[in-house]
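Asker:
There are 4 protein chains.
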Amino acid sequence: MTDHRAGPVRSEAARAAILSATARIFAAKGYDRLTMEGIAAEAGVGKQTIYRWWPSKGALITECLLEGHLLPEDFTPPDTGDLRADLRTWLGQISDFISRYGGGDLVRSLVAASAENEDIGRRLQESFGADEILASRLRAAVEAGDLRSDAPVQEISQALLGAIIVRALSRAPIPDEGFPGRLVAAVLG
Amino acid sequence: MTDHRAGPVRSEAARAAILSATARIFAAKGYDRLTMEGIAAEAGVGKQTIYRWWPSKGALITECLLEGHLLPEDFTPPDTGDLRADLRTWLGQISDFISRYGGGDLVRSLVAASAENEDIGRRLQESFGADEILASRLRAAVEAGDLRSDAPVQEISQALLGAIIVRALSRAPIPDEGFPGRLVAAVLG
Amino acid sequence: MTDHRAGPVRSEAARAAILSATARIFAAKGYDRLTMEGIAAEAGVGKQTIYRWWPSKGALITECLLEGHLLPEDFTPPDTGDLRADLRTWLGQISDFISRYGGGDLVRSLVAASAENEDIGRRLQESFGADEILASRLRAAVEAGDLRSDAPVQEISQALLGAIIVRALSRAPIPDEGFPGRLVAAVLG
Amino acid sequence: MTDHRAGPVRSEAARAAILSATARIFAAKGYDRLTMEGIAAEAGVGKQTIYRWWPSKGALITECLLEGHLLPEDFTPPDTGDLRADLRTWLGQISDFISRYGGGDLVRSLVAASAENEDIGRRLQESFGADEILASRLRAAVEAGDLRSDAPVQEISQALLGAIIVRALSRAPIPDEGFPGRLVAAVLG
DNA sequence: TAATAACCGAGACGGTACGTCTCGTCTTTTA
DNA sequence: TAAAAGACGAGACGTACCGTCTCGGTTATTA
Chain A
1 MTDHRAGPVR
11 SEAARAAILS
21 ATARIFAAKG
31 YDRLTMEGIA
41 AEAGVGKQTI
51 YRWWPSKGAL
61 ITECLLEGHL
71 LPEDFTPPDT
81 GDLRADLRTW
91 LGQISDFISR
101 YGGGDLVRSL
111 VAASAENEDI
121 GRRLQESFGA
131 DEILASRLRA
141 AVEAGDLRSD
151 APVQEISQAL
161 LGAIIVRALS
171 RAPIPDEGFP
181 GRLVAAVLG
Chain B
1 MTDHRAGPVR
11 SEAARAAILS
21 ATARIFAAKG
31 YDRLTMEGIA
41 AEAGVGKQTI
51 YRWWPSKGAL
61 ITECLLEGHL
71 LPEDFTPPDT
81 GDLRADLRTW
91 LGQISDFISR
101 YGGGDLVRSL
111 VAASAENEDI
121 GRRLQESFGA
131 DEILASRLRA
141 AVEAGDLRSD
151 APVQEISQAL
161 LGAIIVRALS
171 RAPIPDEGFP
181 GRLVAAVLG
Chain C
1 MTDHRAGPVR
11 SEAARAAILS
21 ATARIFAAKG
31 YDRLTMEGIA
41 AEAGVGKQTI
51 YRWWPSKGAL
61 ITECLLEGHL
71 LPEDFTPPDT
81 GDLRADLRTW
91 LGQISDFISR
101 YGGGDLVRSL
111 VAASAENEDI
121 GRRLQESFGA
131 DEILASRLRA
141 AVEAGDLRSD
151 APVQEISQAL
161 LGAIIVRALS
171 RAPIPDEGFP
181 GRLVAAVLG
Chain D
1 MTDHRAGPVR
11 SEAARAAILS
21 ATARIFAAKG
31 YDRLTMEGIA
41 AEAGVGKQTI
51 YRWWPSKGAL
61 ITECLLEGHL
71 LPEDFTPPDT
81 GDLRADLRTW
91 LGQISDFISR
101 YGGGDLVRSL
111 VAASAENEDI
121 GRRLQESFGA
131 DEILASRLRA
141 AVEAGDLRSD
151 APVQEISQAL
161 LGAIIVRALS
171 RAPIPDEGFP
181 GRLVAAVLG
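Protein chains in written order, with full-length UniProt numbering: chain A, 1 to 189; chain B, 1 to 189; chain C, 1 to 189; chain D, 1 to 189.
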């Protein structure tokens, strides 16, 4: 028996246009000036087509995030064998990204969205590569003897990403090349 | 609400009513459902009386923060001579506060306000005692030999507070009594 | 032979369901709350099936009218030889109908549809029997000497029906049994 | 004195602009293409300013009607002593008006509005002068012996106006100069 | 009797308008 | 004479329908 219902199928073109328009406006104007009407107009789509598939602005941004429209770069920490150097590289990538794109505006918008929307909040660490990949990297370092066996892996990840976020919220510019180094020194001694 | 009336003499009462109403709504409904019209109604005040004194919602919240209406508790780290124990105490106070008040809702609202408003962002660390007081405490530890002389004081503060914020944004509850200890271990080894 | 195209034939069941649903909603909710989507849902039919056969809501209502779904009763004036008595009977039938069905709601809906749609407007007099049948009745009265030979037949019909419509639009209830008599007296002296 | 509340007073400029814009669009596009958003835009006014003072499109049109924005002309029947001649003059004025303005479009829009809105319906006869003025004219004719003492005054008024409306709804153009005469002949013999 | 073609229910699509809410400014009345 | 009350222009919200356009499934005619 056919388990698919009759009727037209969701328009992939509309879906792509909406996500793309959302990402464009989010990057250009920030979370709080991102409106559903603006998205619909930019995407050349009726508002109902957005509301038909996403219940809220947050859900839309979540999907943008998951599809990589908002943070086009990949913030995976490398694995060279030297944990601290790898973390410095990773933090340097994020710092560079922030410096290049509006000096923290995009991060702040992402944090504002996270504060308002549960799903986005849950995926925040993931978005910056501070999730399972970093955790497994840290666990490998424990096995290699680079970290103590009782090192609190999750707290280390949160502290590193959190420092970046606090800095973005405080509007302090990333000062110079030394920041990743100092942050790794602060967290891993 | 309060018994103030029209007239120039009562302006201080209006000011207090506005700040109090702002704090009450902020705590009850969060930053994004805090409206100027709601504040005016709750305070029994005309909207213009708010706009006469504060240029924006952010400025209003900033003043609430500075006057201690939003975070009624004082998050000053103690000074017992044992830096790590003091930090654990401090983080424990914050964790307790979060657990007691809505499990992070208030922190998230504060973060949302920080993301939107520059002044609030600048005072974010200060609000949680992660500012000069903590910095001087860390510098004293350097002098006492508890920390290396090149310890990156600011990054340590940001990492500690940031870990709290990332946890709040990710909606993970503070798990148990061990969190402050693990976080201090993560940051100061 | 290509005098008949390939494919299935128009579904009589769908046609009947649509007309019936239209009449039901028209009577229950009135012209302005009659929606194409509502008709489709009520009839268990796709919207396209309606638009395939009728170009507009007005055309649909016109067909309902012609098939007697909207005004289930037949408002043909009788022919007893006494013109004025026949007209009183006819106007009494219409008055009774109005009193029985929502006190003018249906007439008002019909008038609203007539104002918006040309075809319905053209058939308005016909719907109430104020068309050819009434005209020939009046012409017969002229021949019988009951009316002057230059009696303006069309204007008499329009005045009689128009008085009913004006009364329905003014929301004045049909007051008592005397109305048809007074109206005939007003128009034919 | 508390006979007037504190606060600003209703803007007469906004009120006038709204009524004027409503009348302009009503005349130009008809009732069913008259939108609240269109009115607001045309009047240079926020939508809320309309909804603050009028609950519905119908209420707005009612007020337009009462202030004479919709039917700029005065359809008062004259009083020369010759009732039938006066009625012919009056019906001629209305016929001329209909011919000059879109051939019935405005009347149909008014009828559509009457069908939808109770207040407009109640004032329909009044709008065309078929109310108290005409009634008193007819009563005077009774006293003067021009009409029988039991002439049904209200029904005569409704029949005259109704014939005009039925003609407008049927989209039949007012044929020539003879129509008012024939209609008076039809109604008053 | 297979292919074809138009039908069917279903419903997604780009739009328009709805009526509500809040913004930040401006104006009037009151105490 | 400042504060309350609240009207104002602006514009986003989320919903309801419009009329058009697919979908896949279902017949009836035609080759």
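Note that the Cβ used here is the ideal one computed from N, Cα and C, for glycine as well.
Please tell me whether Ile50(B) has its Cβ less than 8 Å away from any Cβ of chain A.
Answerer: Ile50(B) does not count as touching chain A.
Asker: Residue ranges of each beta strand (DSSP E) run of no fewer than 3 residues wholly in the segment 119-158 of chain C, ordered along the chain?
Answerer: The segment 119-158 of chain C contains no whole beta strand (DSSP E) run of 3 or more residues.
Asker: Taking the C-alpha atoms as reference points, what is the distance between Leu66(D) and Lys29(C)?
Answerer: One C-alpha to the other measures close to 29 Å.
Asker: Under a Cβ-count criterion, where at least 16 other Cβ atoms within 10 Å of its own Cβ denotes burial, should Met99(C) be classed as buried or exposed?
Answerer: Just to set this straight, residue 99(C) is Ser in the shown sequence, not Met. Flag for Ser99(C) reads exposed.
Asker: Please state the DSSP three-state secondary structure of Phe75(D).
Answerer: In the structure shown, Phe75(D) sits in coil (DSSP, three-state: anything other than H, G, I, E or B).
Asker: At the level of alpha carbons, what is the spacing between Ala14(A) and Ala151(A)?
Answerer: Taking the straight line from one Cα to the other gives about 47 Å.
Asker: Less than 8 Å separating the beta-carbons of Ile165(B) and Val184(A)?
Answerer: Against a cut-off of 8 Å, the Cβ pair of Val184(A) and Ile165(B) comes out as no contact.
Asker: Evaluate contact between the segment 120-133 of chain C and the segment 142-161 of chain D, counting only Cβ atoms and requiring at least three cross-stretch pairs below 8 Å.
Answerer: Verdict: no, contact absent.
Asker: Among Ile133(C), Arg88(C), Ala115(C), Gly181(C), which residue has its Cα nearest to the Cα of Leu169(C)?
Answerer: Cα-wise, what sits closest to Leu169(C) is Ala115(C).
Asker: So with Cβ pairs under 8 Å, would you call Glu118(A) a contact of chain B?
Answerer: Yes, Glu118(A) counts as interfacial toward chain B.
Asker: Closest Cβ-Cβ distance between Asp176(B) and chain A: below 8 Å?
Answerer: It does not; no Cβ of chain A falls within 8 Å.
Asker: Rounded to the nearest angstrom, how far is the Cβ of Ala21(A) from that of Glu42(A), given a contact under 8 Å?
Answerer: Ala21(A) to Glu42(A), Cβ: 4 Å. Contact.
Asker: Quick one: which residues of the segment 139-170 of chain C get their C-beta closer than 9 Å to a C-beta of chain D? List them in chain order.
Answerer: Listed in sequence order: Arg148, Asp150, Ala151, Pro152, Val153, Gln154, Glu155, Ile156, Ser157, Gln158, Ala159, Leu160, Leu161, Gly162, Ala163, Ile164, Ile165, Val166, Arg167, Ala168, Leu169, Ser170.
Asker: According to DSSP, is Thr2(B) helix, strand or coil?
Answerer: For Thr2(B), the pLDDT reaches just 41, beneath the cut-off of 50, and the residue's location in the model is therefore unreliable, although a value from the coordinates is still provided. Of the three classes helix, strand and coil, the one that applies to Thr2(B) here is coil, per DSSP.
Asker: Examine chain B for any beta-carbon lying closer than 8 Å to the beta-carbon of Pro173(A), and answer yes or no.
Answerer: Taking Cβ atoms only, chain B never reaches closer than 8 Å to Pro173(A), which makes this a no.
Asker: Name the chain C residues that come within less than 8 Å of Asp79(D), Cβ to Cβ?
Answerer: Going along chain C, no residue has its Cβ under 8 Å from Asp79(D), so there is no contact; the nearest lies around 21 Å.
Asker: Restricting to Cα atoms, I'd like to know which of Ile18(A), Lys47(A), Thr80(A), Asp105(A) is closest to Ala144(A).
Answerer: Closest by alpha carbon: Thr80(A).
Asker: Below 8 Å on the Cβ atoms is my guess for Thr89(A) versus Pro72(A); work out the distance and round it to an integer in Å.
Answerer: The Cβ separation is near 18 Å, so there is no contact.
Asker: Less than 8 Å between CB atoms is the rule here; does Ser127(C) satisfy it with respect to chain D?
Answerer: It does not; no Cβ of chain D falls within 8 Å.
Asker: Residues of chain C with CB closer than 7 Å to the CB of Gly121(D), please, in chain order.
Answerer: Simply Leu169, Ser170, Arg171.
Asker: Residues of chain C with a CB under 7 Å from the CB of Ser114(D): which are they?
Answerer: Under the 7 Å cutoff, chain C gives Leu169.
Asker: Quick check on Pro180(C): buried or exposed, where buried means 16 or more other Cβ atoms within 10 Å of its Cβ?
Answerer: Pro180(C) should be labelled buried.
Asker: Along the chain, where does the alpha helix (DSSP H) that runs through Leu106(C) open and close?
Answerer: Residues 105-116.
Asker: Check each residue of the segment 17-38 of chain D: if its Cβ is closer than 8 Å to any Cβ of chain C, include it; give the result in chain order.
Answerer: Result list: Tyr31, Asp32.
Asker: Under 7 Å between beta-carbons, which chain D residues line up against Arg182(C)? List them in chain order, please.
Answerer: Ordered by position in chain D, the residues that pass the 7 Å Cβ test against Arg182(C) are Pro152, Glu155.
Asker: Report yes if the C-beta distance between Glu155(B) and Arg182(A) is below 8 Å; otherwise report no.
Answerer: Yes. Within cutoff.
Asker: Can you grab the Cα-Cα spacing for the pair Ala40(A) / Val9(A), in whole Å?
Answerer: Near 20 Å, if we compare the C-alpha coordinates of Val9(A) and Ala40(A).
Asker: Just mark Gln93(C) as buried or exposed, buried being the case when its beta carbon has 16 or more other beta carbons within 10 Å.
Answerer: So Gln93(C) ends up on the buried side.
Asker: Would the beta-carbon of residue 196(C) fall within 8 Å of that of Gly189(D)?
Answerer: Given a span of 1 to 189 for chain C in the structure shown, any question on residue 196(C) remains unanswerable.
Asker: If the cut is a Cβ gap below 7 Å, which residues of chain A does Val187(B) touch?
Answerer: Within chain A, the residues near Val187(B) are Ala159, Ala186, Val187.
Asker: In the UniProt domain "HTH tetR-type" (12-72) of chain B, which residue ranges form an unbroken alpha helix (DSSP H) of at least 4 residues, counting only runs that do not cross its ends?
Answerer: Those alpha helix (DSSP H) runs which fall completely within the UniProt domain "HTH tetR-type" (12-72) of chain B and span 4+ residues are 36-43, 47-53, 57-66.
Asker: Starting from the C-beta of Leu91(D), find all residues in its chain whose C-beta is less than 8 Å away, skip the five residues before and the five after it, and write them out in chain order.
Answerer: Around Leu91(D): Leu160, Ile164, Phe179, Pro180, Leu183, Val184.
Asker: For Leu70(B) versus Ala23(B), is the C-beta distance shorter than 8 Å?
Answerer: Yes; because the gap between Cβ atoms is below 8 Å, this pair is in contact.
Asker: Is there a C-beta anywhere in chain D that falls below 8 Å from the one on Leu91(C)?
Answerer: It does not: the Cβ of Leu91(C) has no partner Cβ on chain D nearer than 8 Å.
Asker: Suppose contacts are defined by Cβ-Cβ distances below 8 Å. Is Ile18(D) in contact with Gly58(D) by that definition?
Answerer: No, Cβ-Cβ distance for Ile18(D) and Gly58(D) is not below 8 Å.
Asker: Among Arg52(B), Asp176(B), Ile61(B), whose alpha-carbon lies nearest the alpha-carbon of Arg123(B)?
Answerer: Nearest C-alpha to Arg123(B): Ile61(B).
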